[in-house]
Every structure is written in structure tokens, then in C-alpha cells.
Amino acid sequence: MAIIELDNVSKVFPRAHRGATPVSAVEDVTLHVEAGEIAGVIGYSGAGKSTLVRLINALEKTTSGTITVDGTRITGLSERRLQRVRLGIGMIFQQFNLFSSRTVWGNIAYPLQIAGVPKDQHQRRVSELLHFVGLADKAHSYPDQLSGGQKQRVGIARALATSPKVLLADEATSALDPETTQDVLRLLKKVNVELGITTVVITHEMEVVKSIADRVVVMERGRVVEDGSAFDVFAHPKHPTTKRFVGTLVADVPTGATLESLRANHPGRLVTLAFHDDSLPQSRAFAELAASGVEFELVHGGMEDVQGRSFGNLTLALRGPDDAIDSALGRLRVGLSATEVA
Ligand SMILES: Nc1ncnc2c1ncn2[C@@H]1O[C@H](COP(=O)(O)OP(=O)(O)OP(=O)(O)O)[C@@H](O)[C@H]1O
Ligand SMILES: [Mg+2]
């Protein structure tokens, strides 16, 4: 069941000044996020990612199309009713957006005040949230006294205060170092698994998507250009932009300087074999080469694991009689894709 539904949604920002052209930030986006999933939305700067999340929590109004969140159609809803809808949507940000004059406790209690939760219930809820995010000892600290990772944990606790069904994270780890990024991503995964909260993670880093997303949505110039399970998008990217993103993490057929260096250092024919769980297994492929009298050396590439499924491109330098190599490749190609590097 979809908990967030965007149907043919567009957002055009009017001209900023005379002579400027209107900006089409989101164009005809249809996207259904299933309840309980973590959807990763990736795109380069200006792709429309932030606008998309601001449309989902109704901080921006759609120019056309409709948005439904948890069964409520938010398009055209009054501001008063939107406030109720927003209580069901948590949001975290790149710059954390904490109140510097409030303690950690005060930051997390804030949404409870706004939602009109009776004060005698704050103690228990805030304390529960502090434990959940691992900051029980920081209740009386001020944001300035915390590391970036700790600030984002506070941000997450605050976003969860009113028990939302949906969490939107806009570049929530972009200000953090790689190790802290992984800590925060693990916490987001815990939020998803233990609390069952549907999560939309906006990022320009494929590493983030690879770590936690079940589903990957690629945006470019306001449009969704690819949408699929994390495994499919990583193992079989289709759109050129997706290929560029996947290429930042997964080795492909070598080109350019990498290829030159491989050629200089490894005699033989270079062939890239693509392995995934439906392809010929590695053991069979290597046995086939050996049985054909072809010598091989693994010179480039590697295997990746996404959602517990393995795939990758391995480039081999093959040596032996050309006809032996050709017939071995012919047999391999029945079970996998083998690209001879020109
Ligand atoms: N309030 C606004 N008024 C006018 N134009 C806007 C406004 N907000 C965003 N835009 C424009 O809409 C387009 C998409 O912007 P958006 O912030 O959604 O991109 P993004 O994918 O989040 O980029 P980034 O990765 O840099 O955060 C950009 O061209 C941007 O300049
Ligand atoms: Mg943005």
C-alpha cells in the first residue's frame, strides 16, 4: 500500500524578477512510496529533490497534480488541516535546524508543545526518544556542545516526537564525515525497522542510497528518470545519469586512464564479465576458462552487495591462443554478459 502518492505533480516557481524565466523545479512526477519502505531519491544539485520533499510536507503548493499522504489528499487542503497532516510527517535537515537557545531536551519537547501534548507526558516521551537515539546523557546539553552526528540524532529524536508515520530526510548526512554518516544511517534504518516508519532519503551520494534504501528514485531536471528496487538500479542502471551515479561506487568496463594503465601492466585480452545472482556463477566461469586452456588474471573491478544480493563487474586479462579464448568467451556468453574491452 502506498503511503505517499504523487500523481503527475509539477511545481513551477514564478519569475524571480523581470526578464527571468519561471523555474520548473518538479515536472510531471508520479511516485508512490510504499508503507514501510526506505526510498532513496538521488540527483545532482538543482534536480528538484528539496522541492519534492517540500511538496510532500506541503511547505510548497503544487502547480498541478495531486499528492496524498497516508490517505489524506493534501492538495488544496486548508492551512489548518495541513498542520495536522504535518504532525504525521517528520523532517530532518542537512544543517540540523536545532534551536541553539534550547537544550537537547527542549528541542525534542518542542514539537510536543506545538502538538498540544499535555506537559506531564513530555518527560516520558522525551526520555524514551533520547534513549532510542543514544543520547540519554546529553539531555541538558546545548546544540553547540554537540558533534554533528549528535546534533543529527537530536534532529531525528525531534522529528519522531509526535510519532509520525513518515520521515523525510533532506541531505541529512551531507554535513557529516563518512563514519558519522554510517552511524546516522544505521539509526535511520533502526527507525524504519523498529518503528515501521516509511522514510524518504534525499541525497546526492550513492553511498547513502546503497547503505539503506530499498528503492531508488533518480531525478534530473525536475523529472524522475529512473525508479526501481535498489538491487535493480545498482546492478542494471538504465538512464545515463543513473549510470554515472552507480559508476561512483561500482566498477564498470574500464575506460580512459584506468584502461591505459591496465593495458600497460597486463598483457593479454581484457574482458569484463558481469556477475549477478541470475548469471553464470563465478566458479563455473573460471572453471570454463581454465578448462579451455586460457590463463586469466583478475585485474579490475569487484563485487558489491545491495540488499543482501551480490553483483559486480570483474575485468580479466586473458592469455592463450586466440581461438581458445574466443570459444571460451562464446560459451561464457550463454550465461553472462562478457564485454571485450576495445
Ligand atoms: N523558492 C524558489 N524560488 C525559485 N526557484 C526555486 C525555489 N526553490 C527552488 N528553486 C529552483 O528549483 C530548482 C530545483 O531546486 P531544489 O532545491 O529542489 O534542487 P535540489 O535537487 O534540492 O538541489 P540541491 O542538491 O542543490 O539541494 C532549482 O533550479 C532551484 O533554483
Ligand atoms: Mg536540496
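Per my numbering, the very first residue in the sequence shown carries number 1110; after that it's consecutive.
Ideal placement from N, C-alpha and C gives every residue a C-beta, glycine not left out.
It should be emphasised that the depicted structure is a prediction, and the values quoted were computed from it without experimental measurement.
Put simply, the residues with a CB less than 7 Å from any heavy atom of ligand 2 are Lys1158, Ser1159, Asp1279, Glu1280 and Ile1311, in chain order.
Here Pro1227 is exposed, its C-beta having fewer than 16 other C-beta atoms within 10 Å. Residue range Met1315 to Ile1321 is occupied by the alpha helix (DSSP H) that includes Glu1316. Here Ser1320 is buried, its C-beta having at least 16 other C-beta atoms within 10 Å. In terms of Cβ geometry, Lys1260 and Phe1202 do not form a close pair [threshold 7 Å]. Shown here, Arg1393 sits in a helix according to DSSP, grouped into three states. With respect to Val1325, Val1333 sits apart: the two C-beta atoms are not nearer than 7 Å.
The C-alpha of Asp1431 is placed about 47 Å away from the C-alpha of Glu1288.
In the displayed model, His1409 falls within a strand according to three-state DSSP. Not one heavy atom of ligand 1 falls within 6 Å of the beta-carbon of Ala1218. In this structure, Phe1122 has its beta carbon less than 6 Å from a heavy atom of ligand 1. For a cut-off of 8 Å, the C-beta gap from Ile1113 to Thr1307 is around 7 Å, short enough to register as a contact. In the structure shown, His1375 adopts coil according to DSSP, grouped into three states.
In terms of Cα proximity to Val1302, the closest of Thr1139, Gly1145 and Pro1123 is Gly1145. Counted as a single uninterrupted DSSP element, the alpha helix (DSSP H) harbouring Arg1163 occupies residues Lys1158 to Ile1165. Taken in chain order, the whole beta strand (DSSP E) runs of length 3 or more contained in the segment 1282–1357 are 1307–1312, 1324–1329 and 1332–1338. DSSP places Arg1234 within a helical segment (H, G or I) once states are collapsed to three.
Assigned with DSSP and collapsed to three states, Ser1272 falls in coil, not helix or strand. Distances taken from the Cβ of Ala1129 to the heavy atoms of ligand 1 include none shorter than 6 Å. Look at His1249 here: in three-state DSSP terms it is coil, with no helix or strand label. The beta carbons of Lys1274 and Gly1225 sit no closer together than 7 Å.
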